[in-house]
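Residue numbers (this note's numbering): 25 to 186.
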């Protein structure tokens, strides 16, 4: 594992052979001080989605006891909190939330989806599609990469730098 970067330090990675793009790593302080390192309305919308997901999941299992509510609603709630705090672990929890949503749909099977009703089935499918889109954005978007991975894409050649 690479050593932690000091404030103001930048480390350029190797260029990708296919795209010619290199990742440049910056310190956490530099990334969060940059205008693109701050949360924007899209990120707040994603945080709101995870809060609504936690509330609806908790509401759906409220009759089964407090332990079940914590187990089902805890992951989206912690994910929303870490996204708001701009913690690097948030991107991993987004993937975990998507895997749990997929597991929930696949474990029920077609009979379970039919018994749950059309609204619950469509909600689960819509949640899974939204989490997939959020995951792709958080791993490939320029702003989320700067916020959570503290890196940005450099399109310049290494020889062009002075």
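All C-beta atoms, glycine included, are put in the ideal place defined by N, C-alpha and C.
A direct Cα-to-Cα measurement between residue 94 and residue 58 gives close to 36 Å. Relative to residue 77, the option among 179, 153, 89 whose CA is nearest is 153. Contact between residue 174 and residue 49 holds, with the beta-carbon distance rounding to 6 Å and staying under 8 Å. Residue 167 carries a helical assignment under DSSP once its states are collapsed to helix, strand and coil. Counting C-beta atoms within 10 angstroms of its own C-beta, residue 67 has 16 or more neighbours from the protein chains shown and is therefore classed as buried. Taking 7 Å as the cut-off, the Cβ atoms of residue 118 and residue 159 count as close. Only residues of its own chain outside the window of five on either side were considered, and among them 152 have a CB closer than 8 Å to the CB of residue 126, listed in chain order. Looking at the backbone, the Cα of residue 69 and that of residue 162 are separated by about 13 Å.
Relative to the Cα of residue 141, the nearest Cα in the group 84, 73, 46 belongs to 84.
When the beta-carbon positions are compared, residue 172 and residue 114 come within less than 7 Å of each other. Residue 90 and residue 82 have their alpha carbons spaced roughly 9 Å apart. Straight across, the Cα-Cα distance linking residue 107 with residue 167 is about 13 Å. With a beta-carbon spacing of about 6 Å, residue 99 and residue 124 fall inside the 8 Å limit used to define contacts.
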